[in-house]
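Counting from 42, one number per residue, gives the positions in the sequence shown under my numbering. C-beta atoms are modelled at their ideal positions from N, C-alpha and C, and glycine is treated no differently. Heads up, the thing below is written out as structure tokens.
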Amino acid sequence: MNIVWWSLVIALAFNLLLFIPAWLFKTDKLTDLSYSLTFILLVVFGFSQSAKSLGQTLISIMVLLWALRLGGFLFIRVNKAGKDSRFDKLRSQFWPFLRFWFFQGLTVFIVMAAAIALYNEPDAPYTIWFYPGWLIFGLGLALEAVADYQKYKFSQTNTKGSWIDIGFWRMSRHPNYLGEIMVWSGVYIFAVTNLHGVARLLALASPIYIALILLFFSGIPLLEKSADKKWGANKDYQDYKKQVPALVPNLKSLKRLD
């Protein structure tokens, strides 16, 4: 069985199937949860069809840890809010909403490219690259989880409508996205030495795609535009933007953590 192509079919079919109740009931709870569930489904499928070697086992644990953490956080957040404002313009429009679900399935497949490619290998034994892969993954997961929690708690107590400037958000305007990019870079580094031929290049799609999406499309640009609309005329916010990089901290912004 070709695990790669079946993973694509499963990711797309699962999301198109879940689109139906999401459209009928106009609910965002299923929309937010489905993203993480697709990763979990592909891990279960890929690992079940793999040789179940050490590398394939460990990379399954990595993706599951990330997916369970993110899925739990998103579900708690949307449960508290009742809806996800990102979908306000989508959920009532059939074709744009369907297109969103299709591309969500495709995105999961691309982001999981390194793990899926590793499942397709006949074996994935121990290599020294397991260590830097796990380290970068672990640091990224911790950064993303803590940053998400800090922002969530801030949103619960922020009565002044100001921007977040606490914790990791003092060193980066989007530390959770930095953590996300680190997670998938770590997964790629973990997998790459056990990949062969064109699979090594295709697996690069994982960290590159997530970085491009967050840096230039649905991540940072949208949030920066929204923030500028709210606080762009505020001098303190302008100073904050000058001191704190959008993604990767510099020495100046790291000192703000003291």
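Separation of K201 from S226, as counted between CA atoms = Take the alpha-carbon of S226 and the one of K201: they are about 37 Å apart.
key: Element boundaries [alpha helix (DSSP H), containing M103]   = For M103, the enclosing alpha helix (DSSP H) has its first and last residue at 95-122.
request  = Return the Cβ separation of Y250 and W204 in integer angstroms, given the expectation that the two are a contact with Cβ distance under 8 Å.
outcome  = Contact flag wrong, Cβ pair sits at about 28 Å.
task = Apply the 10 Å Cβ neighbour rule to T72 and answer buried if 16 or more other Cβ atoms are within range, or exposed otherwise.
result = buried
ask   = When burial is assigned at 16 or more other CB atoms within 10 Å of the CB, is K194 buried or exposed?
value = exposed
task = At 4 residues or longer, and completely inside the segment 212-290: list those alpha helix (DSSP H) runs for me, N to C.
result = Those alpha helix (DSSP H) runs which fall completely within the segment 212-290 and span 4+ residues are 216-233, 239-244, 246-257, 261-272, 276-284.
inquiry  = Can you look up I205 in the DSSP assignment and give me helix, strand or coil?
reply    = I205 carries a coil assignment under DSSP once its states are collapsed to helix, strand and coil.
request  = Run through the segment 42-86 for me and flag every whole alpha helix (DSSP H) of 4 or more residues, listed as ranges in chain order.
outcome  = 44-66
inquiry  = Rounding to the nearest angstrom, what Cα-Cα distance links L49 and G220 in this structure?
reply    = 25 Å
message = Given this structure, state the Cα-to-Cα distance separating Y229 from G174, to the nearest angstrom.
response = The alpha-carbon separation between Y229 and G174 amounts to approximately 7 Å.
ask   = If you follow the alpha helix (DSSP H) that L139 is part of, which residue opens it and which one closes it?
value = 135-152
request  = Starting from the C-beta of Y160, find all residues in its chain whose C-beta is less than 7 Å away, skip the five residues before and the five after it, and write them out in chain order.
outcome  = I44, G87, F88, Q90, S91, Q97
inquiry  = Between the segment 139-152 and the segment 75-85, can you find at least three pairs of beta-carbon atoms closer than 8 Å?
reply    = Touching, per the Cβ criterion.
Three-state class that DSSP yields for A186 in the structure shown = Here A186 sits in helix by DSSP.
request  = Determine the direct distance from the alpha carbon of A52 to that of F150, and round the result to whole angstroms.
outcome  = In this model, F150 and A52 are separated by some 6 Å (Cα to Cα).
query = Under three-state DSSP, which class holds W170?
reply = coil
message = With a threshold of 7 Å between beta-carbons, can I222 be considered close to chain D, or not?
response = Chain labels in this structure do not include chain D; a single protein chain is all it has.
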